[in-house]
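There are 2 protein chains.
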Amino acid sequence: MTSSFSLDGAIRKIPDFPKKGILFYDITSVLANPDAFRFCIDAMIQAYSNTRIDAVAAVESRGFVFAAPFALKLGIPLILVRKKGKLPGKTISAKYALEYGEAEIEVHEADVPKGKRVLIVDDLIATGGTIRATSELLKRGGAEVAGVFCVIGLSSLNFRKDLGDIPVKTLIEYEGE
Amino acid sequence: MTSSFSLDGAIRKIPDFPKKGILFYDITSVLANPDAFRFCIDAMIQAYSNTRIDAVAAVESRGFVFAAPFALKLGIPLILVRKKGKLPGKTISAKYALEYGEAEIEVHEADVPKGKRVLIVDDLIATGGTIRATSELLKRGGAEVAGVFCVIGLSSLNFRKDLGDIPVKTLIEYEGE
Numbered sequence: 007m008t009s010s011f012s013l014d015g016a017i018r019k020i021p022d023f024p025k026k027g028i029l030f031y032d033i034t035s036v037l038a039n040p041d042a043f044r045f046c047i048d049a050m051i052q053a054y055s056n057t058r059i060d061a062v063a064a065v066e067s068r069g070f071v072f073a074a075p076f077a078l079k080l081g082i083p084l085i086l087v088r089k090k091g092k093l094p095g096k097t098i099s100a101k102y103a104l105e106y107g108e109a110e111i112e113v114h115e116a117d118v119p120k121g122k123r124v125l126i127v128d129d130l131i132a133t134g135g136t137i138r139a140t141s142e143l144l145k146r147g148g149a150e151v152a153g154v155f156c157v158i159g160l161s162s163l164n165f166r167k168d169l170g171d172i173p174v175k176t177l178i179e180y181e182g183e
Numbered sequence: 007m008t009s010s011f012s013l014d015g016a017i018r019k020i021p022d023f024p025k026k027g028i029l030f031y032d033i034t035s036v037l038a039n040p041d042a043f044r045f046c047i048d049a050m051i052q053a054y055s056n057t058r059i060d061a062v063a064a065v066e067s068r069g070f071v072f073a074a075p076f077a078l079k080l081g082i083p084l085i086l087v088r089k090k091g092k093l094p095g096k097t098i099s100a101k102y103a104l105e106y107g108e109a110e111i112e113v114h115e116a117d118v119p120k121g122k123r124v125l126i127v128d129d130l131i132a133t134g135g136t137i138r139a140t141s142e143l144l145k146r147g148g149a150e151v152a153g154v155f156c157v158i159g160l161s162s163l164n165f166r167k168d169l170g171d172i173p174v175k176t177l178i179e180y181e182g183e
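Sequence order for the protein chains is A and B.
Taking our numbering, I'd label the letters of the first sequence as residues 7 to 183.
Taking our numbering, I'd label the letters of the second sequence as residues 7 to 183.
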């Protein structure tokens with residue numbers, strides 16, 4: 007990834023968000039920069055050019071912006087993974103731990119492609135809690151998790167731990183917190 | 007739009023969501039259907055082929071999935087319009103009325119392109135409250151609102167009222183509630 011230096015330049019870093027001591031890696035500045043956004047989508051397509059992917063699961067809500075163009079380009083289904091209570095149909099849900107308390111995500115049962123290889127997409131992976139919950143949802147719905155793609159990875163948070171043999175690809179990694 | 011009958015067939019209709027008496031038009035079934043999703047994006051690009059659009063503002067969060075491929079295709083900036091508290095940088099915010107109470111949305115001030123023509127994108131327009139608030143945000147940030155695109159319009163809710171001379175385009179309209 008010879009151009010990753012420019013991706014780093016396109017990512018806005020905001021100190022003390024959402025709380026003091028946390029450096030927030032903001033991808034809205036990537037989206038507002040057409041060259042940077044194009045670079046991400048092209049690199050994502052390139053990263054899976056030799057992997058069979060049958061569908062894409064997009065994690066609410068920044069995952070949607072990267073997953074949608076990828077799904078369109080490959081001509082495969084796009085599945086939205088949303089916070090509890092936002093999907094109107096019959097869902098499968100999973101809880102996951104937050105720093106304080108827990109959260110719950112869900113997917114429409116009818117949208118999970120049985121026996122198909124699904125790529126999970128989000129903008130950033132830190133501890134990997136949301137991604138693990140998404141993986142659990144998809145498996146319970148009968149799909150196979152082919153991999154995880156996130157634009158940014160915070161490597162010091164050991165996100166690859168607990169994801170078993172699911173391959174995780176990122177375009178850029180930072181030490182994190 | 008000779009194929010709009012097939013778009014109707016691709017939209018899942020769920021009665022009594024989010025509350026009794028409301029028929030919910032669900033676009034997750036469109037996204038899970040590659041032909042239907044492709045149809046929407048192609049129709050959207052076609053709809054603005056003779057209009058100058060300099061940037062796209064995507065309304066959280068279903069608007070993200072339609073706005074992102076459009077922005078990429080045109081090679082123009084994508085601006086995320088989010089619920090209050092989710093954007094880490096300096097923002098401009100606007101409140102709007104809900105059936106009970108009010109909500110607030112915001113945009114990064116730095117991402118609003120001054121003097122440029124911005125298209126507002128969402129999946130569905132009903133009363134138009136969120137869209138009007140988005141339009142106010144963009145104008146306060148120094149941009150011009152070139153138009154509004156939503157896949158679905160609920161025409162009985164008079165969403166064109168109060169939007170002044172901002173042109174609204176949809177791919178399909180239903181009577182609504």
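Cβ atoms here follow ideal geometry from the backbone N, Cα and C, with glycine treated the same way.
Predicted model only: the values in this text are computed from it and were never measured.
Residue i at chain B interface by Cβ criterion, 8 Å
i	result
Met7/A	Any reading at Met7/A must be qualified, since the residue scores a pLDDT of 45, below 50, and its modelled position is unreliable; the value itself is stated next. By this cut-off, Met7/A is not an interface position.
Glu66/A	yes
Ala38/A	yes
Pro173/A	no
Arg18/A	yes
Val157/A	no
Ile111/A	no
Leu84/A	yes
8 Å Cβ cutoff met for residue i and residue j
i	j	result
Ile47/B	Phe70/B	no
Gly134/A	Leu169/A	yes
Asn39/B	Ala16/B	yes
Thr176/B	Ala63/B	no
Arg146/B	Tyr102/B	no
Thr57/A	Ala152/A	yes
Lys90/B	Glu115/B	no
Asp128/B	Arg68/B	yes
Val174/B	Leu144/B	no
Asp32/B	Pro94/A	yes
Lys122/A	Ala53/A	no
8 Å CB neighbourhood of residue i in its chain, flanking five on each side removed
i	result
Asp117/A	Pro83, Ile85 and Leu86
Thr34/B	Arg18
Glu179/B	Ile158, Gly159, Leu160 and Ser161
Tyr106/A	none
Leu213/B	Residue 213/B lies beyond the stretch modelled for chain B, which goes from 7 to 183, so this question has no answer here.
Residues near residue i in its chain [Cβ-Cβ closer than 7 Å; skip 5 each side]
i	result
Asp22/A	Ile28
Ile51/B	Phe76 and Lys79
Ser10/A	Confidence is the limiting factor: at Ser10/A the pLDDT is only 49, short of 50, which leaves the residue's position unreliable, though a coordinate-based value still follows. Here the set comprises Leu177 and Ile178.
Arg88/A	Glu66, Ile111 and Glu112
Glu181/A	Ser161 and Ser162
Ala132/A	Leu160, Leu163, Phe165 and Gly182
Ile20/B	Phe30 and Asp32
Glu142/B	Ala100
Ile59/A	Leu80, Ile82, Arg123, Leu125 and Ala152
Chain-order list of residues whose beta-carbon lies under 6 Å from that of residue i (same chain, five-residue window excluded)
i	result
Ala186/B	This structure cannot settle anything about residue 186/B, because the visible part of chain B is limited to 7 through 183.
Ala49/A	Leu177
Thr8/B	With a pLDDT of 48 at Thr8/B, under the threshold of 50, the predicted position of this residue should be treated as unreliable, and no value is reported.
is_contact[residue i, chain D] using C-beta, thresh 8 Å
i	result
Ala74/B	Chain labels in this structure do not include chain D; the protein chains are A and B.
Residue-level contact to chain A via CB, residue i, 8 Å cutoff
i	result
Val87/B	no
Val151/B	no
Gly15/B	no
Gly107/B	no
Gly95/B	yes
Gly81/B	yes
Ser10/B	Bear in mind that a pLDDT of 49 at Ser10/B, under 50, signals an unreliable position, so the model cannot answer this.
Val154/B	no
Asp32/B	yes
Leu160/B	no
Leu78/B	yes
Between the segment 41-58 of chain B and chain A, which residues of the former have a C-beta closer than 8 Å to a C-beta of the latter?
Phe43, Arg44 and Ile47
Let me know the beta strand (DSSP E) ranges lying completely inside the segment 96-134 of chain B, each 3 residues or longer, listed in chain order.
97-103, 108-114 and 123-131
Segments of 4+ residues assigned as alpha helix (DSSP H) that fall wholly inside the segment 12-89 of chain B:
34-37, 40-53 and 68-80
Counting only Cβ-Cβ distances shorter than 7 Å, please list the residues of the segment 115-144 of chain A near chain B, keeping chain order.
Asp117
Note down, one range per segment and in chain order, each alpha helix (DSSP H) of at least 4 residues found wholly within the segment 133-162 of chain B.
135-146
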